[in-house]
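Enquirer: Dropping the structure in here first, questions after.
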Amino acid sequence: MEPSKVPAPFLKPYNPTEQEPQMLELWEKSGYANPDVCVEKGVTKPDAEAYSIVLPPPNVTGTLHMGHAAMLAIEDILIRYHRMRGYKTLWLPGTDSAAIATQSKVETDIYKAEKKTRHDLGREELLRRIGEFTEESKATIINQTKKMGSSLDWSRYAYTMDEKRYAAVMEAFVRMYEAGLIYRGDRIVNWDPKLQTTVSDDEIERVEETTPFYYFQYGPFVIGTVRPETKFGDKYLVVHPDDARYKEYTHGQKIDLEWINGPITATVIKDEAANMEVGSGAMTITPAHSGIDFEIATRHGLDIERVIDDRGILLPIAGEFAGQHIKKARPLIVEKLKNKGLLVKIDEKYTNNLATNGRGGGVIEPQIKRQWFIAVNKEIAFPDGKKMTLKERMREAVDSKQTEIMPERFDKVYRHWIDNLRDWCISRQIWFGHRIPAWFKGDEVKVSITSPGEGWTQDEDTLDTWFSSGLWTFSTLGWPEETADLKTYHPTAVLETGYDILFFWVARMILMSTFLRGEVPFKKVYLHGLVRDGQGRKMSKSLGNIIDPLTMVEKYGADAARLSLIIGASMGNDVKLSEDRVRGYKHFANKIWNIARFVLENQHDSGAAPSTLQSKVDGRLIEADKVLIVEAQKVAEEVSADIDKFRLDLAADAIYHFVWDRFAAEIIEQSKEILKGDDKRASASRSRALHEILLISLKLLHPFMPFVTEAVWQQLPKKDLPAGRQGVDLLMVAPWPTGGQTG
RNA sequence: GCGCGCUUAGCUCAGUUGGUUAGAGCAUCUCAUUUACACUGAGAGGGUCGGGGGUUCGAAUCCCUCAGCGCGCACCA
-3 MEPSKVPAPF LKPYNPTEQE PQMLELWEKS GYANPDVCVE KGVTKPDAEA YSIVLPPPNV
57 TGTLHMGHAA MLAIEDILIR YHRMRGYKTL WLPGTDSAAI ATQSKVETDI YKAEKKTRHD
117 LGREELLRRI GEFTEESKAT IINQTKKMGS SLDWSRYAYT MDEKRYAAVM EAFVRMYEAG
177 LIYRGDRIVN WDPKLQTTVS DDEIERVEET TPFYYFQYGP FVIGTVRPET KFGDKYLVVH
237 PDDARYKEYT HGQKIDLEWI NGPITATVIK DEAANMEVGS GAMTITPAHS GIDFEIATRH
297 GLDIERVIDD RGILLPIAGE FAGQHIKKAR PLIVEKLKNK GLLVKIDEKY TNNLATNGRG
357 GGVIEPQIKR QWFIAVNKEI AFPDGKKMTL KERMREAVDS KQTEIMPERF DKVYRHWIDN
417 LRDWCISRQI WFGHRIPAWF KGDEVKVSIT SPGEGWTQDE DTLDTWFSSG LWTFSTLGWP
477 EETADLKTYH PTAVLETGYD ILFFWVARMI LMSTFLRGEV PFKKVYLHGL VRDGQGRKMS
537 KSLGNIIDPL TMVEKYGADA ARLSLIIGAS MGNDVKLSED RVRGYKHFAN KIWNIARFVL
597 ENQHDSGAAP STLQSKVDGR LIEADKVLIV EAQKVAEEVS ADIDKFRLDL AADAIYHFVW
657 DRFAAEIIEQ SKEILKGDDK RASASRSRAL HEILLISLKL LHPFMPFVTE AVWQQLPKKD
717 LPAGRQGVDL LMVAPWPTGG QTG
C-alpha cells in the first residue's frame, strides 16, 4: 500500500498531549454531552429511556485529586456506554461550597495577611471575600475535571450556593418545618470551641490519645475520670441500681463531702446508665458537658450547671480556677486534689478516643445549645401518603430495593448507621452557607423565606452543608419547580461516590428525597474505594506520596490515567496506584494507535468499508473471517455484561486482552501473510474483517479510553454513520456494538 | 464491646451459584526482530490459595476455629 493512504498523524507515535485538547474541543463543539442536543441531531430517539448521574460536586476551592479522577473515570464510563447504547443520557456537573471548610480557609488566610478576624470584617465583608475566593478557584477544578475527558453537560452546571439551589434549600426548610420535622430545641450538641460552631455527630472524628486516668475520693466513693476540669459542678453520684457494692446507699440520699473548692452536699442517684464494669462503678456527672450525663439529669430532674464556656474557659463555678482554659487548668486541679488528699491513684496509660471536628476544627466540647434539629423518630406523612418516621423510610428505601447499594456489604453499614441515628442538628454558627429562614421578634419565632415584617430579625445561623447536599439530585434538576428535567431524570440511575461519604451524603439524600419528593433519589448506589499509593498508604502531603492526576495526564495521557484507576479496582475496594501502572497503559494507547495504522495501511477497498452493524456480518467475508467477527462480537457482549454489573474492572480487562493479545498479537500477525498472499478474495475479505474488528474494538474501548479511540475514529475514512443523523460524526455517539437500549 | 472487610506468584490483584493442569499486569530471566508498534514479539521461572479442622466424589470457593492486617460504629465516669 502506498504510505500516502495513511493519514498524516498516524505516521508518528500516539501523542496524547497533542491529540487530547483537539478531542476535547470536538466533543465540546458537538454538544453531545447535552441529551437535548442528541435528540435534536437524531443521535438519541426522543422517547428513549433516560439514564442520569449527578456528579458528586467537588469542593469549589479544591483541586482535583486521584479520588476525584477515579470517580470521574467510573462515571464517564457508565455515561459514555449508555449514551452509545441510545439512552437519553445526562451527567450533571456541579460544585459544592463546603461551608465550614471554605470559611475557615478564607478566615485563616485573612488572619495571616491582615491580622483580622471575621468579627473585625463583619458578616457582609467576609461573605464578599469568600465569594471572591470561590469565584477564582472554581475555574481550577472545572478545568481539571474537563481534562480527564468527562463528558458532563456543562449547560446544566449547578453550584450549591447559586440562586436556584439557594431557593430550593429555603423551600425544603420551610416544608420540613411545616411538617413538624424541623424543630428548635435546647439539647446537648457537639460544640467546636475553635471554629465556634456546632457540628453534626457524623462529622466527629475520634482521635486516639493516651492520657492519665485519675481516681478521686468523693466522700465514701472513688470516682474515675479523664477530665478533672469538668468536676466542679458534680454534685450527683450515680451508681447502678444492681451494684452490690453500693446497696447500702439509697436513691436520693444526701452525703456531705469535701470536694475541690470546699465542702459540698452530693446526692446519690441510681441509674442503669452507670456501668458496673468501669472503674469503681461509681461516677459523678456533668450534665452540661456530656450527652449521657445530660440524659441522666433530664431523667431524674437534676440541676444542670454550665462549667465551661464557648471558648473552653472555666466559669465562676470553678472558683479560683475561673477564667482559665480547661487545658491549662487540668494539671492544677489534679495538684490541688492531691494536696487535699483526695487523689487516690493515677492510671497513666489510659487510651481515650478524643472527639475532634473532622473538618479541620478543634476538640469537641459538648454544650447545651438552642439549635435547629431534624426529628428522625417522629411519625409524619410523606407526599406519597405513607405515614412513618424518617428512619423507617430510610430503611424502607433499601428494604424495598428501590435503592440498591453496591457492593452489598455497605447495605449493612447503612442500616447500622440508621439504627444509631439521633436527631440531626442542622444549624451552624458560621456565616458562609444557606441562612436559616427563621425570624425572631422577642420570644416569637416564624419560619418563612422572606421577612414576616417590621421588627423581625433573621436567625444568624446557617445550615449544615449536608442539608443542601441532601437535595442535590433534585435541586440540580430544577426542584421545587416540576421541570421537564425533573420528570425525565429523577430518580437518577446511579449515585457513584466514595464509601467514606455514605452517611454524610448518600443517607441524607435518601432522607430528603423520600420526604420532599416521595421517591428515592437514585436506583443504585455504587461505592468506590479510596485511591492509595503503591504500598497501600493513604496519599498525603506529609508522606510525600501524592500522585497528582494532572501530572499523570501530562506525562502519560488521560486515557492511561483513567485505565490505571479502573483495571484492578474491584467494587468497593481501595485501589493501589503507582506511576508504573499509568505508564503501562500509555503503551496500550499507543498500541491502539498502531493497530489502526496497520489496518488502514492494509485497506484494499477504502471506498467500501464494511457495514459493521451489530450482528450483521458482511456477506463478502469468507468463513474464517466471519468467525473472527463473531469472536469480537462475543467480546462486546462480555464487556457489556460486565459494565451492566458494574464490574468495570473486568470489562476493561476483557477488552484490553482482546485488543492486545488477540487482535494485535494473533489476528494481525496472521493477517500479514494473507494480505500479502495471492488469494485476492481471502486478502480482500481479511482486509474488511480487520477494519470491522477495529471498529468494534474502538467502540468497546471508547468509554474507557475516549481520547485515543476518538482520535483514531476521526482518521478513519468511512464509518457507519446511521442514516438520518446530523452533525459531526463522533465515536462518542456511535452505536454500541451490541445494540441499543434494550440490549 | 458490636459489626464489616482483607490474607492467592517478588509486588498489585482477578478467580460471582463448589467442577479439567489456579490466572493477569508489573517486575525478573532467555531468545527473536528494525517491525503497524522497542511504547515490539515469543518463551521461562515463580504458588502446600494465612494456619488448623470439617462438609463433599471434588474446596481458593461452603462451614467452624485460630492468627495477622485494615475499617466502621458504640463506649469512654
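For the first sequence, this note's numbering gives the first residue as -3, with consecutive numbering after it.
C-beta atoms are modelled at their ideal positions from N, C-alpha and C, and glycine is treated no differently.
Hey, how far is the Cα of K668 from the Cα of L482?
Expert: Residue mapping note: residue 668 aligns to position 672 of the first sequence, counting from 1. Residue mapping note: residue 482 aligns to position 486 of the first sequence, counting from 1. Distance between the alpha carbons of K668 and L482 is about 55 Å.
Enquirer: Name the residue from E597, M172 and Q398 whose alpha carbon lies nearest to the alpha carbon of H486.
Expert: Residue mapping note: residue 486 aligns to position 490 of the first sequence, counting from 1. Nearest option by C-alpha distance: Q398.
Enquirer: In chain order, what residues of the same chain lie with their CB nearer than 7 Å to the CB of T823, ignoring the 5 residues before and after it?
Expert: As displayed, the chain neither begins before -3 nor continues past 739, which places residue 823 out of reach and without an answer.
Enquirer: Taking C-beta to C-beta, are Y346 and V222 nearer than 9 Å?
Expert: By one-based count along the first sequence, residue 346 stands at place 350. By one-based count along the first sequence, residue 222 stands at place 226. Between Y346 and V222, the CB-CB gap stays under 9 Å.
Enquirer: So within the stretch 173 to 212, which uninterrupted beta strand (DSSP E) runs reach at least 3 residues, ignoring any that extend past its ends?
Expert: 178 to 188 and 193 to 195
Enquirer: Along the beta strand (DSSP E) that carries H486, what are the first and last residues, could you check?
Expert: On the first sequence, residue 486 is found 490 positions in, with the first residue counted as 1. Taken as a continuous stretch (DSSP letters only), H486 belongs to no beta strand (DSSP E), as it is neither H nor E.
Enquirer: Roughly how many angstroms separate the alpha carbons of K740 and D457, rounded to a whole number?
Expert: As shown, the chain starts at -3 and ends at 739. That puts residue 740 outside it, with no answer to give.
Enquirer: Of the residues N186, D649 and D230, which one's Cα is nearest the Cα of R424?
Expert: Position 428 of the first sequence, counted from the first residue, corresponds to residue 424. Taking only the C-alpha atoms, the option nearest R424 is N186.
Enquirer: What are the uninterrupted segments assigned as beta strand (DSSP E) that are 3 or more residues long and contained completely in the stretch 367 to 436, given in chain order?
Expert: 400 to 402
Enquirer: Starting from P702, trace the beta strand (DSSP E) in both directions and tell me its first and last residue.
Expert: As a working mapping, residue 702 is identified with position 706 in the first sequence. It is not in any beta strand (DSSP E) - P702 instead sits in the alpha helix (DSSP H) that spans P702 to Q711.
Enquirer: From the DSSP secondary-structure annotation, give me the bridge partner or partners of E492.
Expert: Mapped onto the first sequence, residue 492 falls at position 496. E492 is bridged to Y522.
Enquirer: Among the residues of its own chain, which have a CB less than 7 Å from the CB of H321, if the five just before and after it don't count?
Expert: Position 325 of the first sequence, counted from the start, is the residue given in the question as residue 321. So the qualifying residues of the chain are G308 and I309.
Enquirer: Take the Cβ of S396 as the centre, count every other Cβ of all protein chains shown within 10 Å, and call the residue buried at 16 or more, exposed below.
Expert: Mapped onto the first sequence, residue 396 falls at position 400. In the assembly as shown, S396 is an exposed residue. Its beta-carbon has fewer than 16 other beta-carbons within 10 Å.
Enquirer: Does DSSP put M279 in a helix, in a strand, or in coil?
Expert: Indexing the first sequence from 1 puts residue 279 at position 283. Here M279 sits in strand by DSSP.
Enquirer: In angstroms with no decimal places, state the Cα-to-Cα distance between E16 and G176.
Expert: Numbered from its first residue, the first sequence carries residue 16 at position 20. Numbered from its first residue, the first sequence carries residue 176 at position 180. Rounded to whole angstroms, E16 to G176 spans 53 Å at the Cα level.
Enquirer: Which value, in whole angstroms, describes the spacing of the CA atoms of D725 and L691?
Expert: Within the first sequence, numbered from 1, the residue matching residue 725 stands at position 729. Within the first sequence, numbered from 1, the residue matching residue 691 stands at position 695. Using only the alpha carbons, I get a separation of about 14 Å.
Enquirer: Flag this pair as yes or no: are the beta carbons of T98 and F428 separated by less than 9 Å?
Expert: Along the first sequence, read from residue 1 onward, the residue named residue 98 stands at position 102. Along the first sequence, read from residue 1 onward, the residue named residue 428 stands at position 432. Yes. Within cutoff.
Enquirer: Would you mind listing the beta strand (DSSP E) stretches within the stretch 637 to 669 that are 3+ residues and don't spill past its ends, in chain order?
Expert: none
Enquirer: What runs of the beta strand (DSSP E), each 3 residues or longer, lie entirely inside the stretch 283 to 362?
Expert: 339 to 353
Enquirer: Could you pull out every residue in the same chain whose Cβ sits closer than 8 Å to the Cβ of M402, ignoring the five residues on either side in sequence?
Expert: Sequence index remark: in the first sequence, residue 402 carries index 406 (1-based). K520, V521, Y522, L523, M567, G568 and F642, listed in sequence order.
Enquirer: Specify the secondary structure class of I563 as computed by DSSP and reduced to three states.
Expert: To locate residue 563, count along the first sequence from 1; it is residue 567. DSSP places I563 in the coil class of the three-state scheme, outside both helix and strand.
Enquirer: I'd like to know whether the C-beta atoms of I542 and M535 end up nearer to each other than 9 Å.
Expert: Residue numbering aside, residue 542 sits at position 546 when the first sequence is read from its first letter. Residue numbering aside, residue 535 sits at position 539 when the first sequence is read from its first letter. Closer than 9 Å, so yes.
Enquirer: Does the stretch 617 to 624 come into contact with the stretch 671 to 690, if we say contact requires no fewer than three beta-carbon pairs (one atom in each stretch) closer than 8 Å?
Expert: yes
Enquirer: Give the DSSP-derived three-state secondary structure of A44 in the structure shown.
Expert: Along the first sequence, read from residue 1 onward, the residue named residue 44 stands at position 48. The answer is coil: DSSP assigns A44 none of H, G, I, E or B.
Enquirer: Helix, strand or coil, according to DSSP, for N11 in the structure here?
Expert: Reading the first sequence from its first residue, position 15 is the one you call residue 11. N11: coil per DSSP, three-state reduction.
Enquirer: Quick one: is E14 buried, meaning 16 or more other Cβ sit within 10 Å of its Cβ, or exposed?
Expert: Translated into the one-based positions of the first sequence, residue 14 becomes position 18. E14 comes out exposed.
Enquirer: Where DSSP assigns a beta bridge to N55, which residues make up the other side?
Expert: Stepping through the first sequence from its first residue, residue 55 is reached at position 59. Partner(s): D92.
Enquirer: Can you give the Cα-Cα distance for A632 and P731, rounded to whole angstroms?
Expert: As a first step, residue 632 is located in the first sequence; it is residue number 636 there, counting from the start. As a first step, residue 731 is located in the first sequence; it is residue number 735 there, counting from the start. Near 12 Å, if we compare the C-alpha coordinates of P731 and A632.
Enquirer: Suppose contacts are defined by Cβ-Cβ distances below 9 Å. Is E205 in contact with N353 by that definition?
Expert: For the purposes of this step, residue 205 is identified with residue 209 of the first sequence, where counting begins at 1. For the purposes of this step, residue 353 is identified with residue 357 of the first sequence, where counting begins at 1. With contacts defined by Cβ atoms closer than 9 Å, E205 and N353 do not form a contacting pair.
Enquirer: Measure the Cβ-Cβ separation of P89 and W150 and say whether it is below 9 Å.
Expert: Position 93 of the first sequence holds residue 89. Position 154 of the first sequence holds residue 150. Yes, these two residues count as a Cβ contact at 9 Å.
Enquirer: For I49, which residues does DSSP report across the bridge?
Expert: Position 53 of the first sequence, counted from the first residue, corresponds to residue 49. Looking at the DSSP assignment, I49 forms a beta bridge with W87 and V490.
Enquirer: Which residues in the same chain as P433 place their Cβ atom closer than 7 Å to its Cβ, once the five residues preceding and following it in sequence are excluded?
Expert: The sequence position of residue 433 within the first sequence is 437, counting from 1. Excluding sequence neighbours, P433 sits near M166, F169, V170, V443, S444 and I445.
Enquirer: Which runs of the beta strand (DSSP E) fall wholly inside the stretch 78 to 157 and span at least 3 residues, in chain order?
Expert: 84 to 88, all fully within the stretch 78 to 157.
Enquirer: What is the DSSP secondary structure of L253, reduced to helix, strand or coil?
Expert: On the first sequence, residue 253 is found 257 positions in, with the first residue counted as 1. Annotated three-state conformation of L253 is strand, per DSSP.
Enquirer: Based on the DSSP secondary-structure assignment, which residues constitute the bridge partners of A262?
Expert: As a first step, residue 262 must be located in the first sequence, where it is residue number 266. Bridge partners of A262: I251.
Enquirer: Per DSSP, what kind of secondary structure is T453 in: helix, strand or coil?
Expert: Taking the first residue of the first sequence as position 1, residue 453 is located at position 457. Three-state DSSP puts T453 in a strand.
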